[in-house]
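With the first letter of the sequence shown counted as 1, position 70 gets the number 78 in this note's numbering; the numbers rise by one all the way through.
The beta-carbon is built from N, C-alpha and C at its ideal position, and this holds for glycine as well.
Note that this is a predicted model, so its numbers are computed, not measured.
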Amino acid sequence: MTVEIKIGNSLYKIACAKKEEERLKNLAKHLNHRMNELKKSLKITDEKILLVMTALALEENLRSETEDKFDSNEMINLISDNIDNISDYIEKLTNKIQKF
């Protein structure tokens with residue numbers, strides 16, 4: 009099945025199992041709430057930058073919550089991987105923005 013969710017001003021169609029539909033909608037609702045909080049506090053108007061900042065804030069929250077669960081080497085590897093992923097994402101966004 010496919011569920012349609014709205015993140016910011018954009019609609020996304022996400023494939024999922026029927027039992028995951030409500031969970032995805034709930035996650036989208038919470039993500040939008042976090043984005044709106046950041047938008048107000050940081051006065052960010054660009055939706056792509058807002059998404060990146062929200063992802064970074066969520067990553068920081070996740071890192072804080074999981075810090076005690078992993079030894080330092082595992083944590084460094086996870087953070088490094090996530091930073092690489094975020095860096096790649098920002099680079100792609102930058103390229104798209106420059107094309108406009």
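Legend entry - For Ile15 and Asn40, believed in contact at Cβ under 8 Å, the rounded distance: Taking a contact as a CB-CB distance under 8 Å, the pair Asn40 and Ile15 counts as one, their CB atoms being some 6 Å apart.
Inset, instruction - Pick helix, strand or coil for Ala23, following the three-state DSSP scheme. - result: Collapsing the DSSP output to three states places Ala23 in a strand.
Inset, instruction - Tell me whether Thr62 is buried or exposed, calling it buried when 16 or more other Cβ atoms sit within 10 Å of its Cβ. - result: With 16 or more other Cβ atoms from the protein chains shown falling within 10 Å of its own Cβ, Thr62 counts as buried.
Inset, instruction - Quick one: using the 10 Å Cβ neighbour count with 16 as the cut-off for buried, is Ile139 buried or exposed? - result: The question about residue 139 has no answer here: the residues shown for the chain are numbered 9 through 108.
Inset, instruction - Identify, in the order they occur along the chain, each residue of the same chain with its Cβ nearer than 8 Å to the Cβ of Glu29, setting aside the five sequence neighbours on each side. - result: For Glu29, where only same-chain residues beyond five positions count, the Cβ hits under 8 Å are Met9 and Val11.
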